[in-house]
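Engineer: Before anything else, here's the structure in question.
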Amino acid sequence: MNKNTWYGFVLVALTLTFLGCSKPGEPDKTDSSGGELKLTQPKEPEKEFELECPPGVVALVDDREITREDAEKRARMTLTSKGFTEGTDDYDAQLAKARKGAVDLLIETYVLQAAADDTIVVTTQEIEQELLMIKSRHPNRESYEEGLKRSNLTEEDFKGVLERDLQIRKVLGREAQEGVPIPTKEDARKFYEVNSMAFGWPYRVQYDEIIWPLAPDVTDASSEQAKTTMEDL
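Counting along the sequence shown from 1, when you hit position 51 you're at 60 in the working numbering, and nothing is skipped either side.
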């Protein structure tokens, strides 16, 4: 996907985000009172772009609908991935915060997902590692499975979500790295020469020696053993 297409998706998403779903406005009220007739240039009525969303839909990204159910599911899944459970003291407060950002997160997800074309490959191993990391945030298997149940997801569904998230991360990483120069061997050699002290051991070692007098009852064997131990250190 070239940059023009990428920017197009971003502009569409931003436009829809700002517009949202609106209702048709009321017609402008005009003054019908009489008065002196004045000839003026007629003005074209201002055209407003109005986006009508179907019932239960809170946003549109191109032809992709984002429903309240999608937002609720995403909010709960976000908390599940962070290890929150309904038994947590501040779960309701955290869920309220997650709901606020769920729609924006879904819009961003769909835009970036469109940019993650067939060149972005996520392996099964990467998905399993991500899943294992999320499972480790839960105290036990039951807590993890309860989180999936609350999000109305099976583990296979959740793996699909993780795959899309990994694709998005790779897209963001690719965009961030674009234009960053790759150092050559000559660049590496010059950097080493300038910063050689950072890569080598100091040529001097400073130490303090403390000598304790031996007790009169220490045997020669004990002295030899202590000497051997010191040399090993």
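From the three backbone atoms N, C-alpha and C, an ideal C-beta is built for every residue, glycine too.
Since we're looking at a predicted model, the values are computed, not measured.
For the candidate residues Arg77, Gly156 and Lys236, whose alpha-carbon lies nearest to that of Ile116?
Structural biologist: Sequence index remark: in the sequence shown, residue 116 carries index 107 (1-based). The candidate whose alpha carbon is nearest that of Ile116 is Arg77.
Engineer: Given this structure, state the Cα-to-Cα distance separating Val66 from Ile75, to the nearest angstrom.
Structural biologist: Your numbering for residue 66 matches position 57 in the sequence shown. Your numbering for residue 75 matches position 66 in the sequence shown. Distance between the alpha carbons of Val66 and Ile75 is about 6 Å.
Engineer: For Glu139 and Leu171, what's the separation of their Cα atoms in angstroms?
Structural biologist: What you label residue 139 is simply residue 130 of the sequence shown in a count that begins at 1. What you label residue 171 is simply residue 162 of the sequence shown in a count that begins at 1. Distance between the alpha carbons of Glu139 and Leu171 is about 7 Å.
Engineer: Look up Arg146 in the DSSP assignment and say whether it is helix, strand or coil.
Structural biologist: As a working note, residue 146 is residue 137 in the sequence shown. Looking at Arg146 - three-state DSSP - the assignment turns out to be coil, as it is neither helix nor strand.
Engineer: Does DSSP put Ile116 in a helix, in a strand, or in coil?
Structural biologist: The residue given as residue 116 occupies position 107 in the sequence shown. It is helical.
Engineer: For a test of the three-state rule: what should DSSP assign to Thr133, helix, strand or coil?
Structural biologist: The residue given as residue 133 occupies position 124 in the sequence shown. In the structure shown, Thr133 sits in a helix (DSSP, three-state: H, G or I).
Engineer: Quick one: residues in its chain with C-beta nearer than 7 Å to the C-beta of Ile129, no 5 flanking neighbours on either side, listed in chain order?
Structural biologist: If you number the sequence shown from 1, residue 129 lands on position 120. Cβ within range, chain order: Gln176, Lys179 and Val180.
Engineer: Could you give the C-beta distance for Gly169 and Thr94, rounded to a whole number, given that I count them as a contact under 8 Å?
Structural biologist: The residue labelled residue 169 in the question sits at position 160 within the sequence shown. The residue labelled residue 94 in the question sits at position 85 within the sequence shown. Not really, about 23 Å apart at Cβ, beyond 8 Å.
Engineer: Going by alpha carbons, who is nearest to His147 out of Glu233, Thr228, Asp229 and Thr97?
Structural biologist: Against the sequence shown, residue 147 aligns to sequence position 138. For the residues Glu233, Thr228, Asp229 and Thr97, the minimum Cα distance to His147 belongs to Thr97.
Engineer: Going by beta-carbon coordinates alone, are Ala111 and Ala68 separated by less than 8 Å?
Structural biologist: Residue 111 sits at position 102 when you count from the first residue of the sequence shown. Residue 68 sits at position 59 when you count from the first residue of the sequence shown. In this structure, Ala68 does not lie closer than 8 Å to Ala111 by Cβ.
Engineer: Please list, in chain order, all residues of the same chain as Ser232 whose beta carbon is under 6 Å from its beta carbon, the five residues on each side excluded.
Structural biologist: Position 223 of the sequence shown, counted from the start, is the residue given in the question as residue 232. The answer is none, since no qualifying residue turns up.
Engineer: State the Cα-Cα distance for the pair Ile136 and Leu162, rounded to the nearest angstrom.
Structural biologist: In the sequence shown, residue 136 corresponds to position 127, counting from 1. In the sequence shown, residue 162 corresponds to position 153, counting from 1. Their backbone Cα atoms lie some 16 Å apart in a straight line.
Engineer: Name the one or two DSSP bridge partners that Thr76 has.
Structural biologist: Locating residue 76 in the sequence shown gives position 67, counting from the first residue. The partner list for Thr76 (beta bridge, DSSP) reads Val66.
Engineer: Buried or exposed: where does Tyr100 fall if 16 or more other Cβ atoms within 10 Å of its Cβ makes it buried?
Structural biologist: As a working note, residue 100 is residue 91 in the sequence shown. The residue in question, Tyr100, is exposed, as its Cβ has fewer than 16 Cβ neighbours within 10 Å.
Engineer: What does the Cβ neighbour count give for Thr87, buried or exposed, with the cut at 16 atoms within 10 Å?
Structural biologist: The residue you call residue 87 lines up with position 78 of the sequence shown. Thr87 is buried by the Cβ-count criterion.
Engineer: Determine the direct distance from the alpha carbon of Glu154 to that of Arg85, and round the result to whole angstroms.
Structural biologist: For the purposes of this step, residue 85 is identified with residue 76 of the sequence shown, where counting begins at 1. For the purposes of this step, residue 154 is identified with residue 145 of the sequence shown, where counting begins at 1. Taking the straight line from one Cα to the other gives about 13 Å.
Engineer: Taking the alpha-carbon positions, what's the Asp113 to Lys106 distance?
Structural biologist: Here residue 113 corresponds to residue number 104 of the sequence shown, with the count starting at 1. Here residue 106 corresponds to residue number 97 of the sequence shown, with the count starting at 1. C-alpha separation (whole angstroms): 12 Å.
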